[in-house]
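Engineer: One structure, pasted below without further comment.
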Amino acid sequence: MARWAPERDTTKSIEAYQTWMQTCLAVDGALFAPNHALWTKERFDELDARFVCAPDGGTGTFHEKLRGQLRDATPEAAQLMAEVFWTYVAYPTNTSPEKKRSQIIDIWSWSGETLNADHSMLSDEVLAGVGSGGTGYSVRRWKELVYVISVLRAFKALAPRQREQALSDPWRFAQWVGGVDSSASAQFRHVLKFYCFPDTFERIAATVDKDRILQEFGEASKAELARWNDVQKDQRLLDLRRRLEIGRGDAPFDFFLPDIEERWRPSSKSYLLTWSPKNWAFDELSDYRAKTANNELVTVRWTSGTRQPKVGDTVYLMRLAVDPKGVIAKGNVVREAYDAPHYLQSKAEAGETISYIDVDFDSVRDPERDVIVPVSELETLAPAQPWTPQSSGISISASASAELARLWRALPPVDLNGASRAASPQTAKSKGAPLNVIYYGPPGTGKTRELMQLRSTYETSASTISADEWLATNIAGLSWWEVVFLALADTQIPMSVDQILAHPYFSARARGTANNSLRGTCWNALQYHASPDSVNVRVNREKRYEPYVFDKDDQSRWTLVGDWRDSCSELLGKLEDIKRGPGAATTVRRWEFVTFHQSYAYEEFVEGIRPQVVAGAISYDVAPGLFKRLCDRARRDPNHRYALFIDEINRANIAKVFGELITLIEPDKRAVYDDAGLLNDGLEATLPYSGERFGVPANLDLFGAMNTSDRSISLLDAALRRRFEFKELLPMSGVISGEDGNGSVSVTDGDPINLRKLLDALNSRIATLLHRDQMIGHSYFTKVNSFDKLRLTLRNEIVPLLQEYFHEDWRRIRQVFADEDAERDAQIVREVEDNPIWVSGDNDDDAQPMFEIAAAHEMSPDAIRKIYEPQT
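When you line the sequence shown up against the numbering used here, it's residues 6 to 877, in that order.
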């Protein structure tokens, strides 16, 4: 059945759809107003007259125009429109629940009544949606809503008995939907069938996706699909699903599982189009900007120096030649390359043609008014990619495309009321939506490597940062007494507490903290590390801790005393770094890396009590953990992004490690701080040990990696699954180079061993005998460049891994290596001859065989080749 989705829990949404069907479709009830009859033919007649038959082609947003169309409507019609709008927006996942909820409540308010935001049908779980509506579902909203109202009005025109019959059988209902006028292009027709019969119809809202699946899985040709109606396609899809489900055993199935989706919708490519204001004025830029800001698509013909872009591929538009230079637009190809007259009139008149592609731009920015992705930043993050090409339409590499896509998503929305650029590119980048991403897959698929590659995104050459940023970077993580020490060491003169509080070092440490008693904090730092011989400090000597470096004179001014140069030599080195300033060779690292394990705890991660032994006595201090220290840095530096990389994230108890912060890491709960470190938006919590108010900054990204061989993603803590985006990394045999780049290694018999086929064959058997989560990653073979290295890899790495996978079940391990029917000298795991362990009795059937692993030098080419070549 199509209820299950790999990326989210759809239970609450589907329950809501079924409630809607029974309450509003089958009978004339209401979703938000119990005991009211809103869903009647007469109410839909009013919506038809005011919305369907009276389109508003004027200016303004869709919401503004809808309000005008319903200005004189009855209260019941406005309430019905709110519920119809719920019906339309409840499906897609690419609109946030908050936005859906606010729009529904607003439409309901036009009736003069208030809709409670706590209504169960407006919960985040319900409004999260179940599938992608694609760009067209939202930007062509008015067309879809025309169909929604029309099809529901037609259903309400049926007699009660006819409605009951239609809803009693999925195929009868599908035939009825297909017979409604104007249904041919509406995506909601697919949504409506899924709402009512989620066990029969796929959660796919685009006809083109259904066609692709049927085509790529060999169910029908393109010509056949052109002749089929929706019912025929849906029936064949259901049949295909059932066959694929059987093939996967107990594992859940969905057409959007990464390995399945890749078969019918290979990852699209990205291309870079170019625009030079010196060559062309682009007079339509302002108009396109306004339209895309209002969720409209604009179809534009653009030159392409290559004919490679295909329909569906992503394109970005780069402004060149004139500052500010950078990416100003994003869209998708809707028509592949074709020749047409040159865009320059003089050349067109001379008969010259040029190659074009048609693009649906969904976002266009004015570089003089909006924040764009600067070319300088792209050249830093992806230096191998040409960002200022001579020709329009060059391909963007996968890694560079990922960087560009991330930066584009982080840009602030276009403000049609703003007159100038909203912020610097770096500020805009930092204010993008925080990323919570976990890479998962079998061992050796490059998850940790993916984390390592991301680190450079969060690094900056120190020569490019300001003195304030340099100071904040060096002060981050220091305790209060250490900062006070630096202030006194910097001035080398007696200072009052007021002067210390005003010192730039103390101010940098204090910026954005939730500490409401900085003066008291400063006093404590001074007194607790005061010299035991001081006559002016009255704190009990037993409460003073090493190093004893502070003392107070008769005028309440503080100085450094004792062996402060020796006892605080590391801090003096820090002071030298601060004063020296950033240098070109220094890199500012805005990330931390940690590996979770079973005993990893909240006290290490967030904060906890740490014992200290001073002069033989034990004292206990609250010490910040790695996560809190990094959050403090990010909070004090809101104009840059920070990242925490967590390897083996599934090995620890996530709920216990994050504690009360598990809620605060959600993107919509993240704390937004200004340049002074003060909270502007988001949530904070009170930490249990220190009592500080603490929030997780919005400019902190969280990345994790986990092996599915340790624990399936389906068994992960629900709190973790709900708060992170999961990206699967599977074995990719194609990246194996082998000896000479073709994926093979040579052997003495002249027939090379194909490492790529070897890995594919091993994984095919493992997936059949165990599960796809226990496959072998390509990294085990990427460094194999000789036959000897291959044998050592099999003997010392692959076999031990299989021992763990199969719990020492040697018979099944032999199946993986295809050893059962092979000659003894071609076996990798073989039965020990004439050495059984007798269990009981004298019958040979009671003997338990022992197995041995062939030594690396004993593994012949045929022993390995047989794994992927059929035996004759």
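Every residue, glycine too, gets a C-beta built ideally from N, C-alpha and C. Owing to the predicted nature of the structure, the values given are computational and were not obtained by experimental measurement.
(1) For Leu735 and chain C, any beta-carbon pair shorter than 8 Å?
(2) Note down, in chain order, each residue of its chain lying with its Cβ closer than 7 Å to the Cβ of Leu421, except the 5 sequence neighbours on either side.
(3) Residue ranges of each beta strand (DSSP E) run of no fewer than 3 residues wholly in the stretch 648 to 725, ordered along the chain?
(4) At what residues does the alpha helix (DSSP H) containing Glu733 begin and finish?
(5) Ser397 to Phe708, Cα distance in whole Å?
(6) Excluding the 5 residues flanking Asp686 on each side, which residues of the same chain have their C-beta closer than 6 Å to its C-beta?
(7) Please list the segments of the alpha helix (DSSP H) lying wholly inside the stretch 44 to 124, counting only runs of 4 or more residues, in order along the chain.
(8) Looking at C-alpha atoms only, which residue of Arg8, Lys215, Arg166, Phe37 is the closest neighbour of Asp123?
(9) Give a yes or no on whether the C-beta atoms belonging to Leu262 and Tyr321 are separated by under 8 Å.
(10) Put Glu229 into one of helix, strand or coil per three-state DSSP.
(11) With 16 other CB atoms within 10 Å as the buried threshold, where does Ala42 fall?
(12) From Trp9 to Phe258, what does the alpha carbon distance come to, in whole angstroms?
(13) How far does the alpha helix (DSSP H) with Gly34 in it extend, from its first residue to its last?
(14) Write down the C-beta distance between Val593 and Glu487 rounded to the nearest angstrom, noting that I regard them as a contact closer than 8 Å.
(15) What are the boundary residues of the beta strand (DSSP E) that Gly323 is part of?
(16) Under a Cβ-count criterion, where at least 16 other Cβ atoms within 10 Å of its own Cβ denotes burial, should Met855 be classed as buried or exposed?
(17) As a quick exercise: from Tyr293, Leu302, Pro314, pick the residue whose alpha carbon is nearest that of Lys274.
(18) What are the boundary residues of the alpha helix (DSSP H) that includes Val489?
(19) Between Ser402 and Gln390, how many whole angstroms is the CB-CB distance? I'm expecting something under 8 Å.
(20) Please name the residue in Asp830, Lys161, Arg835, Glu836 whose C-alpha comes closest to that of Asp867.
(21) Less than 6 Å between C-beta atoms, sequence neighbours within five positions excluded: which residues of the same chain meet that for Ala639?
(22) Can you tell which of Gly117, Ser484, Val338, Ala87 has its C-alpha closest to the C-alpha of Arg106?
(23) Helix, strand or coil: which one does DSSP assign to Glu857?
(24) Once the 5 residues before and after Met864 are set aside, which same chain residues still bring their CB inside 8 Å of it?
(25) What's the call for Asn541, buried or exposed, on a 16-neighbour Cβ count within 10 Å?
(26) Going by DSSP, which residues form a beta bridge with Ala10?
(27) On the DSSP letters alone, give me the boundaries of the alpha helix (DSSP H) that Asn441 sits inside.
(28) Taking only the alpha-carbon atoms, compute the straight-line gap between Gly62 and Ser116 and give it to the nearest angstrom.
(29) Could you check the C-alpha separation between Trp843 and Val837 for me, to the nearest Å?
(30) Assess, as a yes-or-no matter, whether the stretch 735 to 744 is touched by the stretch 651 to 670 under the definition of 3 or more beta carbon pairs within less than 8 Å.
(31) Quick one: residues in its chain with C-beta nearer than 6 Å to the C-beta of Ala405, no 5 flanking neighbours on either side, listed in chain order?
(32) Decide if His812 is buried, meaning its Cβ has at least 16 other Cβ atoms within 10 Å, or exposed.
(33) With DSSP run on the structure shown, which of helix, strand or coil describes Ile218?
(34) Among residues of its own chain, excluding the 5 on either side of Leu172, which ones have a beta-carbon nearer than 8 Å to its beta-carbon?
(35) Taking the alpha carbon of Thr45 as the reference point, which residue from Ile614, Ser226, Ala159, Asp328 has its own alpha carbon closest?
(36) May I have the straight-line CA-CA distance separating Asp216 from Lys227, to the nearest angstrom?
Structural biologist: To lay it out plainly:
(1) Judged by its chain identifiers, the structure shown contains no chain C, having just a single protein chain.
(2) Ala295, Ala298
(3) Contiguous beta strand (DSSP E) elements confined to the stretch 648 to 725 occur at 684 to 686, 705 to 712, taking only those with 3 or more residues.
(4) Segment 730 to 733 is the beta strand (DSSP E) holding Glu733; no alpha helix (DSSP H) there.
(5) Near 34 Å, if we compare the C-alpha coordinates of Phe708 and Ser397.
(6) Excluding sequence neighbours, Asp686 sits near Val677.
(7) 46 to 52, 67 to 74, 80 to 94, 102 to 114
(8) Phe37
(9) no
(10) helix
(11) exposed
(12) Answer to the nearest angstrom: the Cα atoms are 8 Å apart.
(13) Unbroken run through Gly34: none, as it is neither H nor E.
(14) The Cβ separation is near 20 Å, so there is no contact.
(15) Sequence check: residue 323 is Met here, not Gly. From DSSP, the beta strand (DSSP E) with Met323 extends over 319 to 324.
(16) exposed
(17) Pro314
(18) 485 to 496
(19) 6 Å
(20) Closest option to Asp867, judged by alpha-carbon separation, among Asp830, Lys161, Arg835, Glu836: Asp830.
(21) Tyr647, Pro702, Asn704, Leu705
(22) The shortest C-alpha separation from Arg106 is found at Ala87.
(23) strand
(24) Arg796, Leu799, Arg800, Ile833
(25) exposed
(26) DSSP, once it has assigned bridges, lists Arg13 as partnering Ala10.
(27) First-last for Asn441: 441 to 446, but that is the beta strand (DSSP E), not the alpha helix (DSSP H).
(28) 24 Å
(29) Per-residue confidence for Trp843 stands at a pLDDT of 45, beneath the threshold of 50, marking its modelled position as unreliable; the derived number appears in the next sentence. Rounded to whole angstroms, Trp843 to Val837 spans 14 Å at the Cα level.
(30) no
(31) Ala387, Gln390
(32) exposed
(33) helix
(34) Met26, Leu30, Ala31, Phe178, Cys201
(35) The residue among Ile614, Ser226, Ala159, Asp328 with its C-alpha nearest the C-alpha of Thr45 is Ala159.
(36) 8 Å
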